[in-house]
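Each remark here refers to the structure printed beneath this line.
Structure below.
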């Protein structure tokens, strides 16, 4: 039964520059690929796996989590696109509240549908403000949720959205430019927000280089999420491993 654990939340809050690999089970169904990804990610010093997607089935989700759990000790966090994308085999759940949009299903509807089942699960549930940022292309989450992302030049809208989320009691801020984004979440947003808030910040979408990871770390991002680029080039994990080793030496 849900008891409000905070272990993973505290870990995310504890430092900047942590890295998570986002796995979409719909795109990554082959066991061999998942096993290889798990092993390489652990060797690279990645901190977490996120599992979920806009149109993932419950069966594919559970199978993916089971394989990850068999082949890595890294925590697995649910990143659900709908109420059925939950599993007691995971370690935690980002309980996403899509506050940049006005679709009631993603503000509260899916949450109500999942609440009774989640109540019986032994998951760390982390209320998360999910803010879509315009990455220069339409993403699956925009299409499915029928919501409009915040333009990169509209910091005041992003700021007020984040502040409202904090006042509602949300514990994490997740800025997402979307899978394969052309434009990143603006780092100046992070620098400005860090002057006002201490809530942990997560950023994802379009991250393809170590330089970008380092810039987000320096700006004060707690967790940097990489998905599409790893799907296309799993050997990018070698670069991440080298980066993490250099950071530890510094």
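Residue numbers (the UniProt record's numbering): 1 to 250.
By construction, the Cβ of each residue, glycine as well, lies at the ideal position given by its N, Cα and C atoms.
Could you tell me the distance, in whole angstroms, from the CA atom of residue 210 to the CA atom of residue 239? 7 Å
Beta-carbon contacts of residue 59 that lie in its chain and below 6 Å, excluding the five residues immediately before and after: none
Which of helix, strand or coil DSSP assigns to residue 86: coil
Say whether chain C places a C-beta atom closer than 8 Å to the C-beta of residue 35. Included in the structure is just one protein chain, with no chain C present.
For residue 130 and residue 79, I'd like the C-alpha separation in whole angstroms. 11 Å
CB-CB under 6 Å to residue 36, same chain, minus the five flanking residues each way: which ones, in chain order? none
Out of curiosity, what's the CA-to-CA distance linking residue 134 and residue 120? 37 Å
My guess is that residue 85 and residue 52 are in contact by the Cβ rule of under 8 Å, so how many angstroms apart are they, rounded? 5 Å
Can you give me the Cβ contacts of residue 33 inside the same chain, cut-off strictly under 7 Å, excluding the 5 residues immediately before and after it? none
Quickly, what does DSSP pair residue 254 with across the bridge? List them, please. As displayed, the chain neither begins before 1 nor continues past 250, which places residue 254 out of reach and without an answer.
On the CB-based measure, 16 or more other CB atoms within 10 Å of its CB, does residue 100 come out buried or exposed? It is buried - the Cβ of residue 100 has at least 16 other Cβ atoms within 10 Å.
Take residue 146 and list the residues in its own chain whose beta-carbon comes closer than 6 Å to its own, dropping the five residues that flank it on each side. Same-chain partners within the cutoff: 103.
So the candidates are 193, 237, 190; which of them puts its Cα closest to the Cα of residue 208? 237
Can you list, in chain order, the stretches of the beta strand (DSSP E) that have 3 or more residues and sit fully within the region 45-71? 48-51
What separation, rounded to the nearest whole angstrom, lies between the Cα atoms of residue 162 and residue 106? 16 Å
Beta-carbon within less than 6 Å of residue 90's beta-carbon, same chain only, minus the 5 sequence neighbours each way: which residues are those? 65, 76, 78
With burial defined as no fewer than 16 other Cβ atoms inside 10 Å of the residue's Cβ, what is the status of residue 148: buried or exposed? exposed
From residue 196 to residue 88, what distance separates their C-alpha atoms? 36 Å
For residue 20 versus residue 48, is the C-beta distance shorter than 8 Å? yes
Between residue 183 and residue 177, what straight-line distance do the alpha-carbon atoms span, to the nearest angstrom? 7 Å
Please classify residue 160 as buried or exposed, where buried requires at least 16 other C-beta atoms within 10 Å of its C-beta. exposed
Contact under 8 Å by Cβ, residue 206 with residue 22: no
What I want to know is whether the C-beta of residue 5 ends up closer than 7 Å to one or more non-hydrogen atoms of the ligand FMN. Absence of the ligand FMN is noted for the structure shown, with no ligands found whatsoever.
Tell me which residues share the same chain as residue 13 and place their Cβ nearer than 8 Å to its Cβ, disregarding the 5 neighbours each side in the sequence. Around residue 13: 200, 222.
Within a Cβ cutoff of 7 Å, which residues of the same chain sit near residue 158, ignoring the five residues on either side of it in sequence? 131, 150, 189
Using a Cβ-Cβ cutoff of less than 6 Å, which residues in the same chain neighbour residue 165 once the five nearest sequence positions on both sides are dropped? Cβ within range, chain order: 99, 129.
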